[in-house]
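Residue numbers (this note's numbering), protein chains in the order written: chain A, 12 to 274; chain B, 12 to 274; chain C, 1271 to 1578; chain D, 1271 to 1578. Comments concern the structure below.
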Amino acid sequence: MQPSSKVHLYDFEVASNDAVGEKVYRLVMRSPELASELRPGQFMNVAVPGDASHIVRLPFSFASTDPEAGTVELIYAVVGEGTRRLSEMPAGSTSTVVGPCGNGWDVKPGGRALAVAGGVGAPPVIAAARALAEAGREVDVVLGAQTKSRLWGEDDARALGAGEVVVTTDDGSYGMRGFTTQAMEALLARHEYDLVVTCGPAVMMAGVARLAEGAGVACQASLERMMTCGFGACSTCNVAMRAGGYKSCCMDGPVFDASEVAW
Amino acid sequence: MQPSSKVHLYDFEVASNDAVGEKVYRLVMRSPELASELRPGQFMNVAVPGDASHIVRLPFSFASTDPEAGTVELIYAVVGEGTRRLSEMPAGSTSTVVGPCGNGWDVKPGGRALAVAGGVGAPPVIAAARALAEAGREVDVVLGAQTKSRLWGEDDARALGAGEVVVTTDDGSYGMRGFTTQAMEALLARHEYDLVVTCGPAVMMAGVARLAEGAGVACQASLERMMTCGFGACSTCNVAMRAGGYKSCCMDGPVFDASEVAW
Amino acid sequence: MVSDVSMAVDLGGIKMKNPINTASGTFGNGWQFEGFYDVGQLGAITTKGCAAEPWDGNPAPRMCELPSGIMNSVGLQNPGVREFVRSYGDYLQGLEERGCRVICQVAGHSIEEYVRALELFEELAPFASGFEINISCPNVSRGGAAMGATPEAAAEVMAAVRPRTKRPIVVKMAPHDVAEIARALEAEGADALSLINTIPGMAIDVRTRRSKLSRPTAGVSGPAIHAIAVRMVWEAHKAVSIPLCGIGGVTSGEDAAEFILAGATAVSVGTQNLVDPTAAPRILGELTDWAASQGVSDINELIGAFEC
Amino acid sequence: MVSDVSMAVDLGGIKMKNPINTASGTFGNGWQFEGFYDVGQLGAITTKGCAAEPWDGNPAPRMCELPSGIMNSVGLQNPGVREFVRSYGDYLQGLEERGCRVICQVAGHSIEEYVRALELFEELAPFASGFEINISCPNVSRGGAAMGATPEAAAEVMAAVRPRTKRPIVVKMAPHDVAEIARALEAEGADALSLINTIPGMAIDVRTRRSKLSRPTAGVSGPAIHAIAVRMVWEAHKAVSIPLCGIGGVTSGEDAAEFILAGATAVSVGTQNLVDPTAAPRILGELTDWAASQGVSDINELIGAFEC
Ligand SMILES: Cc1cc2nc3c(=O)[nH]c(=O)nc-3n(C[C@H](O)[C@H](O)[C@H](O)COP(=O)(O)OP(=O)(O)OC[C@H]3O[C@@H](n4cnc5c(N)ncnc54)[C@H](O)[C@@H]3O)c2cc1C
Ligand SMILES: Cc1cc2nc3c(=O)[nH]c(=O)nc-3n(C[C@H](O)[C@H](O)[C@H](O)COP(=O)(O)OP(=O)(O)OC[C@H]3O[C@@H](n4cnc5c(N)ncnc54)[C@H](O)[C@@H]3O)c2cc1C
Ligand SMILES: Cc1cc2nc3c(=O)[nH]c(=O)nc-3n(C[C@H](O)[C@H](O)[C@H](O)COP(=O)(O)O)c2cc1C
Ligand SMILES: Cc1cc2nc3c(=O)[nH]c(=O)nc-3n(C[C@H](O)[C@H](O)[C@H](O)COP(=O)(O)O)c2cc1C
Ligand code: FES
Ligand code: FES
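Take a look at the structure:
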């Protein structure tokens, strides 16, 4: 079997780029081929102009695609210089993007599913929940954030209409006070699931994976690593496996069977 | 005697920044203290934002200052990445500038003076001619450019009303066809001068210096060097002297007695 | 610009149709770039360092950003020669047939491991036009210092691998004592040298007081090291007469041209492949245009043509 | 942030009120910065390398830009110790009185020249709190290789200068064989080491095929070399017990803090002084804030506190 790569380099144009929360932005990019190729859970690697001393692209998941309009929706948090420069890209500005990267969620039909997202882990989780709902599943969604102003995804989650939506904030400023794992425990007690999908901070995902394992439910987790290429060429994005050794976050992931990861 | 430095770091705001010719721009910066301190022939060292991988400031002479308005007028050619980014600084944008740098022209009163400028050597030469005219001298101005679209300074030179203005272009697209040195020879034959001031490409200045020396006229030349600091701290801007050794372009210059320079 | 300049070069017996090669570890094993362009147009590719048996490499994080560069501590993760050939052999065989030379990089923690890996390659990898010996691998019996850290140690590795293959051997050098080590390697029969490998560096998270990566030190690459690499190629060029492959911070045809003028026969694109996956063919085009603009009919006329 | 952290450090007998020093050649002789801020607030300044007799330095151009750095070939232009003291002695004496230590850098093309320069400084420069011996100067009798290129050569310089002064001697090291040379210098009585000097590099104008500067090679400095410099300071820290001054690409308090964690007692700001003339006091402020945020009462607790 010949190995083969379907990752491309595309131009994109910013259609819109606006704050949707405290340091949380929504960027819609126009890039027709990418929009038609991306599958939920995959990601892209974006060149952010404006500082040639930062040579590395920034990896982002997407919340939705509109293949008809040729657009892709990113939700991102401003955490450093790169995302700050991204937030300053005006509508009409252009750059390049590498994608589609990674494997995506396994979203085949089945029973009730639970989607658990923390912070800007929400975009790929919402995309997964949407695909699972479209595959005919009931899907409950847990969305967590530090505080109300940093929450994104509730409207999209409710729009799925496929199950319960529970919101948690660390500081209790909105929804349940506490962590997504606490909300998850409550849901696990009330429903029968055959799939959990999750994305968020590593500690949160480790907790979600443990709970799912305890309940005997399959769990897919979308992981983050420092990435250089995003298409399997550099081995800098390694994820340690329970069975020993490493897999590549950008090629074998970013979505992993949570039970295989050495958390 | 204690050495002392009068060079400061100032903020500036771009008041306007427009093309005035082919790849020639006019930038007016608002920086009140700098505007009141700069003397003709001095220069400033400008930080151009937008690419952290280029760490060095860009040195520029000025064409005029308006101490009342607190503004300084720069005329510059886009020759590389730094000047290209400078040309993209919109009105209202800000950065920092080091100045006033260097010694400036010696513009005391006297007889008829000749000012010879090539390309974007024109700004400091116009500033010198204006100061010489204000000191009561008759001043003839020779302005050279490769081609008409790259010429700047004719209006300012004519506004002095202090003598003849001769324009040359290498390609004959405007004024006399040929080099500034040819125009200078013709003027030297017709008038008696006691001072020549010049700025432009090194080969041109060397020619001007030779003609002035042949005619026994004092000549001041404003030199360019690759500069790092602009205020005497690094010794990277050396100018070789006829008498041997080097002087510093940013402190002992940029204006030198042309007869002392090893051209 | 359509050009008539002959771009073919000979890297110590590896006959490349043009000087553009790719740096080991920054180009996967080639196939990852087929979605971006026809890899067959490159002069050569160098595969990721591979040992006789699989290596896990270092824990995450393995990469952090630096000004105009990155630092990596991959630690030569590789599946071992057998699995390498099983997974990529057919692809690499096809690439050779498309006219792009395949240089297989050989890694080892000891002389015996190099020899064993090379023997396996010899047996299993008919597609390899040549081998690149990475002498920057940590020497397990010497507390992790690089295998080829001194002229003597480098010569020892070279002497051990030389009899194991008739195919060309390129040695990938660390950025250290270049002239002396180059002479030692030439004396032991190296066909060509490639340089430089990453420069050891260190980045500390000052809040936690720990390394930003999983190891205290890691390797700096990218534009930040280019001028240093050009100087080292020039030092090697003055020291030996075997051909050189220039590596370090190449992002443009001009960067590649600097290496050629400094004495390199070929030039590898490294980190830039990762951030601009179409870099290598663009750089090839720019290099070809530059050669034409220099008025030569053969790029070989420009090798070492730096004037000083 | 107002901080109660004690910032005073002792660089081999040079008692600095805080760890911020300036790198030789990037700070003029101090007075050039008085228009920007009160230089007296710095821990120390290091003056431009100065020899017994005047040196012309290299022809222009002496500087070109590199990605996140510059390259210079000033070639140690200096007016000689007598003229240096005549021009700047009063200013430097005043600076010492303002509590900022003055470290005078000593240059030479041979052992004799170092000794002669140091003798002159000893006689004429009572204001110097200590001397920095720049062992990267080209050795005239060895075709231009650096005076301290090998442990033996470095030791020889050190042994010759040691008896000539009772004041502290700092040795400014080249970015080469740091651990070994550091040990050799410590053994010969160096009070402290400062590192790194610029890294040799090369930049070619590919149209003219000539160097962009007046010499084929020149010295790389700036952010591009920072991670490499931090690693070398850590290597020296593991090799010797005399104090170190970290130099290379410092643009922020974080960069300075990395050097301290890697084992430096003081930190010099270099190239950044030239492009941001107010950098040094800003970095001092940021470093002080960082020390406070680390919950220590004395910056000395953080020296070498890198955890690995
Ligand atoms: C597959 C993948 C998908 C991602 N999807 C999204 C998304 O949809 N929305 C979103 O907001 N972010 C997402 N991220 C994270 C995003 O890539 C980083 O926040 C971004 O690269 C930070 O760049 P910066 O220059 O602003 O921050 P930097 O200045 O580089 O770093 C600031 C801080 O951000 C954190 N950080 C930096 N890079 C990463 C990284 N790769 N992973 C985790 N933390 C990092 C570190 O704590 C660092 O100290 C994703 C990352 C990966 C790997
Ligand atoms: C004292 C002084 C006063 C100056 N005044 C003016 C002025 O009023 N108007 C104006 O347009 N320019 C002026 N210059 C030149 C100006 O500084 C350069 O054109 C500018 O720095 C180029 O920056 P860049 O990044 O665009 O070009 P780069 O990308 O750095 O270089 C592009 C090309 O420009 C040339 N160049 C670069 N730097 C210099 C330099 N310092 N001197 C000469 N040529 C250079 C080189 O040929 C180089 O190959 C002055 C220079 C000095 C030293
Ligand atoms: C992620 C990464 C992995 C690398 N792996 C290897 C390797 O396996 N073997 C090797 O000899 N060099 C390896 N290198 C070094 C490169 O081949 C090259 O020598 C170095 O990066 C300098 O070139 P550059 O600046 O163009 O990247 C690696 C570099 C990077 C960035
Ligand atoms: C323009 C310039 C001149 C320098 N002159 C000297 C010198 O005279 N003596 C010396 O030891 N180092 C000299 N250096 C090296 C610096 O002191 C410092 O070691 C080096 O630049 C690295 O620090 P940086 O990256 O902060 O600049 C010079 C550096 C520059 C940029
Ligand atoms: S980021 Fe390069 S292999 Fe995953
Ligand atoms: S530019 Fe630094 S001394 Fe002149």
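Heads up, the beta-carbon is just placed ideally off N, CA and C, and yes, glycines get one too.
D/Thr1478 counts as exposed, since fewer than 16 other beta carbons sit within 10 angstroms of its beta carbon. The straight-line gap separating the alpha-carbon atoms of D/Tyr1384 and D/Arg1371 is approximately 22 angstroms.
Annotation for B/Asn56: the continuous beta strand (DSSP E) segment containing it runs Phe54 to Val57. Along the region 1334-1345 of chain C, going in chain order, the ones with a CB nearer than 8 angstroms to a CB of chain A are Cys1334, Glu1335, Pro1337, Ser1338, Gly1339, Ile1340, Asn1342 and Val1344. Taken through DSSP and simplified to helix, strand or coil, A/Ser184 comes out as coil. Nearest to A/Glu149 by C-alpha distance, out of A/Arg169, A/His65, A/Gly93 and A/Glu196, is A/Arg169.
Put simply, of C/Gln1363, C/Phe1397, C/Leu1557 and C/Phe1576 the residue whose alpha carbon is nearest the alpha carbon of C/Ile1569 is C/Leu1557. Residues Val1355 of the same chain have their beta carbon placed closer than 6 angstroms to that of C/Leu1394, with the five preceding and five following residues left out of the count. Not one heavy atom of ligand 1 is found less than 7 angstroms from the C-beta of A/Ile137. Contact with chain D is found for C/Met1472, since one of that chain's Cβ atoms lies less than 8 angstroms from the residue's Cβ. In this structure, B/Thr105 places its C-beta atom within 8 angstroms of the C-beta atom of B/Asp22. Across the region 245-258 of chain A, CB contacts with chain C closer than 9 angstroms involve Cys245, Ser246, Thr247, Cys248, Asn249, Val250, Ala251, Gly255, Gly256 and Tyr257, in sequence order along the chain. Distance check between D/Ser1294 and each of D/Met1277, D/Ile1315 and D/Phe1306 places D/Ile1315 closest, using alpha-carbon atoms only.
Chain-order list of chain A residues neighbouring B/Gly61: Gly61, by C-beta distance under 7 angstroms. Under the three-state reduction of DSSP, D/Ile1517 is assigned to strand. C/Ser1464 is a Cβ neighbour of C/Val1440, given a cutoff of 8 angstroms. Under the three-state reduction of DSSP output, D/Asn1467 falls in the coil class, being neither helix nor strand. Residue pairing by DSSP puts D/Val1539 in a beta bridge opposite D/Thr1292. Secondary structure within the region 1432-1506 of chain C: the alpha helix (DSSP H) runs of 4 or more consecutive residues, fully enclosed, are 1448-1457 (chain order).
Of all residues in the region 1273-1293 of chain D, none has a C-beta nearer than 9 angstroms to a C-beta of chain C. The CB of C/Arg1479 comes closer than 7 angstroms to the CB of Leu1531, Ala1575, Phe1576 and Glu1577 in chain D, given here in chain order. Residue contact check for D/Trp1301 against chain C: no CB pair falls below 8 angstroms.
Here D/Ala1415 carries a coil assignment [DSSP, helix/strand/coil]. Less than 8 angstroms separates the beta-carbon of D/Gln1302 from that of B/Ala244.
In this structure D/Cys1515 is buried. Its beta-carbon is surrounded by 16 or more other beta-carbon atoms within 10 angstroms.
Here C/Ala1527 has Leu1557 and Trp1560 as same chain residues with Cβ atoms under 7 angstroms from its own Cβ, once five neighbours each way along the sequence are excluded.
For a cut-off of 8 angstroms, the C-beta gap from A/Phe190 to A/Ala232 is around 16 angstroms, too long to register as a contact. Shown here for C/Glu1458: same chain residues with a beta carbon closer than 7 angstroms to its own, the five before and five after excluded, namely Ala1425, Met1428, Ala1429 and Arg1432 in chain order. A Cβ-Cβ distance of about 6 angstroms is found for the pair D/Asn1291 and D/Gly1313, placing them in contact under the 8 angstroms criterion. When C-beta distances to chain C are compared with 7 angstroms, every residue of the region 46-60 of chain A stays at or above that value. In this structure, the C-beta of B/Ser246 stays at least 7 angstroms away from each heavy atom of ligand 5. The continuous alpha helix (DSSP H) containing C/Leu1390 extends over residues Ile1381 to Leu1394. Residue-level contact by beta carbon fails for D/Ser1464 and chain B, as no gap is shorter than 8 angstroms. A Cβ-Cβ distance of about 5 angstroms is found for the pair D/Glu1402 and D/Lys1442, placing them in contact under the 8 angstroms criterion. Note on geometry: alpha-carbon atoms of D/Ser1491 and B/Ser72 lie some 27 angstroms from one another. Within the same chain, Cβ atoms closer than 8 angstroms to the Cβ of A/Arg161 are found at Gly32, Glu33, Lys34, Val35, Ala88 and Gly130, the five residues on either side in sequence being excluded.
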